[in-house]
Every structure is written in structure tokens, then in C-alpha cells.
Amino acid sequence: MRIRATVAAVSGALALSALAVPAAQAVGDSGTPYTLNVSFSKVSVATAIKVGTTNEVSASYSYTLTHGSEVDITAKDFYTDAFLYHGSYSDSSPELYGDNPATCTATSSTTATCKGTVDIYPADGDLQNAWAGSWNVAAEAVAFNGQDQDNPDLSKVGYKDQSGLGTTLVQRYSKLTADAGPEPVAKGKTLTITGKLSRANWEDHQYHGYTGQPVKLQFRKAGTSTYTTIKTVTTDSSGNLKTTTTAGYDGYWRFSFAGTSTTPAVNATGDYVDVK
């Protein structure tokens, strides 16, 4: 529900966040919505949102909406939501919204808890690779107050947005593989472990190797539940991994990537090797 875009379209403005409307103003000019008497707090959103190349990803959020007694949040033409923006809060900021407005439940005569989702469609071009990493949270509300939403008297429409309410990471989904051999292997002989670290490319919708990244080689002895780090290996220019070690015990070998701000942590599935 792109409330900012909807209100901006009917007002002819490019961004309502830049409106110079005093907070105490009760009504606006004929071509300008007035500042709605609402505020947003206690925003909660996932710490990180992992997005691949094609599948839709929905991230839940919640926040407290505080409003004046004159604001009817139960009206059919009252809408509110939270959304994400990248970089500075401005007209040109990349933004991510939900498909629907938030649903609000009153907790008092002037407060409500609102919940919704941000819905991301990487296959539709919602994201660019350069936007991976930190995103900020904003929230907004609009009251059309019975006006025709396609052709309203804007002086009777209230709108308010608020930025800087929190942060999250929007990350390029990662994959990691591991293959140890030969299988079986004689005790004391050389074991070779290969694999690949790749991550989603939001622009061509493929997975490509993540180059120059430190990845841990780990081993879990058969009959135990804990992996131990043996060494650290760096991915090559194609994201590939290759290293050797000495076979000692039956068990599972895997690679483990700690993650970065743009790419989430991931563990390869352990590959079992029988040591004779």
C-alpha cells in the first residue's frame, strides 16, 4: 500500500515528507493536506530480511500509533503503514512497502497497535544490488475524511509521515556448498574439501560467487553434535573454495560463512566421510 505515492499523486506533489506544514495547523491550503495529528513509536521489524532472486519475501512489522481524539482510525478511508527506505529520507530514496495497509487494534481512546508486512518482489525489480545492507524504517497515515480519493479537497485530507523509526538489514540471500573426498579415505591420508559461496544478484536474478570472503572449514566427529573450526579459507574470484586436510576420524565436513552486512551467514550441509 504505497500511501505516500497515492497522496502525492492526488496532491500533485513529489514527496509529502517535504511539506512545510506546521504541526499545529488544523487545516491546509486548498492544494495541501494538513498535518494529521498522529505519531508513531515502538516500531518492531526483523533484524535482517533475506531476499533471493525470485521468491516474494514478506517481513512483519508492528508499531504504536498515537492519535488525537479527532482522528477516526476506524474510518474506511483511514490508512496507515510502515515501510523501509534506503539512504536519506527524500523523494528519490528507494522504498519498500507492503501490499496492504497495516491493521490497527485500539489499545486506548488515542493509541493503537498496528501490524502489517513489507512485501518484496525481487523478480519484479524491487531491488538493486547496491541497495543491499542497512535500510531505515518510516511510518505514515492518511485520513481522507470522506473525500473522493481520486479528486479530493486536499485541505480536508490529513497526512503525516515520520522517518528514522528503526533500522533493518535487507540482504542478498546466500548459498554455500561443501564436498569432501575421496570417500572413503584411509586414516592419515589427504582429504580435499571443495565448495562454493554464492549470493543472489537482484539485477539478473541469478546466483553468483561471492569473492574474497573468509570461510571456515569445520569438522564434526561422528557421534557428536558440535562442529570445530579447522582453518579459514578464502573464496576465489568465482566464489569457489578448495582446501586439504588430514583424515583422522569418521565425521562431517562443512564450510561456514559468518556473513556481512549485505549477505547473511550460511552453513553448508555437512558431508560425511568414512575413514578406514
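Our numbering numbers the first residue of the sequence shown as 552 and each following residue consecutively.
The beta carbon of each residue, even a glycine, is placed where N, CA and C say it ideally should be.
Owing to the predicted nature of the structure, the values given are computational and were not obtained by experimental measurement.
Compute the Euclidean distance between the alpha carbons of residue i and residue j, then round it to the nearest angstrom.
| i | j | result |
| --- | --- | --- |
| Lys-747 | Val-826 | 24 Å |
| Glu-734 | Ser-613 | 51 Å |
| Ala-599 | Gln-722 | 7 Å |
| Asp-628 | Trp-686 | 29 Å |
| Gly-828 | Ala-809 | The requested residue 828 does not occur in the structure, where the chain is confined to residues 552 to 827. |
| Asn-680 | Glu-754 | 7 Å |
| Tyr-823 | Leu-792 | 18 Å |
| Val-572 | Pro-584 | Any reading at Val-572 must be qualified, since the residue scores a pLDDT of 33, below 50, and its modelled position is unreliable; the value itself is stated next. Going from the Cα of Val-572 to the Cα of Pro-584 covers about 9 Å. |
| Val-766 | Thr-811 | 12 Å |
| Lys-711 | His-618 | 11 Å |
| Thr-745 | His-759 | 17 Å |
| Cys-655 | Gln-700 | 21 Å |
| Phe-695 | Glu-621 | 13 Å |
| Tyr-636 | Gly-667 | 16 Å |
| Asn-536 | Gly-717 | It is not possible to answer for residue 536, since the shown part of the chain is limited to 552 through 827. |
| Tyr-778 | Thr-741 | 20 Å |
| Asp-801 | Asn-606 | 38 Å |
| Leu-727 | Gly-739 | 27 Å |
| Ala-577 | Leu-616 | Residue placement at Ala-577 is flagged as unreliable, the pLDDT there being 40, under the threshold of 50; the coordinate-derived value follows with that caveat. When rounded, the distance between both Cα atoms is 19 Å. |
| Glu-646 | Val-784 | 37 Å |
Compute the distance between the beta-carbons of residue i and residue j, then report whether it is under 8 Å.
| i | j | result |
| --- | --- | --- |
| Tyr-630 | Pro-652 | yes |
| Phe-806 | Ala-731 | no |
| Phe-591 | Gln-713 | yes |
| Asp-623 | Glu-691 | no |
Start and end of the beta strand (DSSP E) containing residue i?
| i | result |
| --- | --- |
| Ser-714 | 709 to 723 |
| Leu-768 | 765 to 772 |
| Ile-744 | 741 to 752 |
| Glu-691 | 684 to 694 |
| Tyr-823 | 822 to 824 |
| Ala-633 | 629 to 636 |
| Asn-791 | 791 to 797 |
Please identify the residue among the options whose C-alpha is closest to the C-alpha of residue i.
| i | options | result |
| --- | --- | --- |
| Arg-555 | Thr-656, Ala-816 and Ala-689 | Ala-689 |
| His-756 | Asn-702, Asp-677 and Val-622 | Asp-677 |
| Thr-586 | Asp-787, Thr-785, Val-708 and Asn-696 | Val-708 |
| Ser-789 | Ser-776, Gly-763, Thr-605 and Ile-781 | Gly-763 |
| Thr-775 | Asp-704, Gly-697, Gly-821 and Ala-737 | Gly-821 |
| Ala-819 | Asp-787, Arg-771, Thr-796 and Thr-795 | Arg-771 |
| Val-736 | Thr-795, Thr-779, Leu-647 and Val-596 | Thr-795 |
| Val-596 | Gly-715, Tyr-761, Thr-658 and Thr-719 | Thr-719 |
| Thr-786 | Asp-704, Gly-802 and Tyr-761 | Tyr-761 |
| Thr-625 | Lys-738, Thr-557 and Thr-662 | Thr-662 |
| Tyr-803 | Val-784, Leu-647 and Ala-773 | Ala-773 |
| Val-594 | Val-784, Lys-601 and Gly-715 | Gly-715 |
| Ala-840 | Ser-706, Lys-601 and Phe-634 | Because residue 840 is not part of the residues shown, which for the chain are 552 to 827, the question remains open. |
Ignore the nearest five residues each way along the sequence and tell me which others in residue i's own chain have a CB closer than 6 Å to its CB.
| i | result |
| --- | --- |
| Asp-670 | Ser-609, Gly-649 and Asp-650 |
| Ser-725 | Arg-750, Thr-814, Pro-815 and Val-817 |
| Val-611 | Reading off the sequence shown, one finds Ser at residue 611, where the question assumed Val. Cβ within range, chain order: Thr-668. |
| Gly-638 | Ser-644 |
Does the Cβ of residue i lie closer than 7 Å to at least one heavy atom of the ligand MG?
| i | result |
| --- | --- |
| Phe-770 | With respect to small molecules bound, the structure shown includes none, and the ligand MG cannot be examined in it. |
So, for residue i: in the same chain, excluding its five sequence neighbours on each side, which residues have a beta-carbon less than 8 Å away from its beta-carbon?
| i | result |
| --- | --- |
| Thr-604 | Pro-673, Ala-674, Tyr-724, Ala-751, Asn-752, Trp-753, His-756, Gln-757 and Tyr-758 |
| Ser-660 | Ser-620 |
| Tyr-531 | This structure cannot settle anything about residue 531, because the visible part of the chain is limited to 552 through 827. |
Tell me which residues share the same chain as residue i and place their Cβ nearer than 7 Å to its Cβ, disregarding the 5 neighbours each side in the sequence.
| i | result |
| --- | --- |
| Ile-781 | Leu-768, Gln-769, Phe-770 and Thr-796 |
Are any of the Cβ atoms in chain C nearer than 8 Å to that of residue i?
| i | result |
| --- | --- |
| Leu-748 | The structure shown contains no chain C, having only a single protein chain. |
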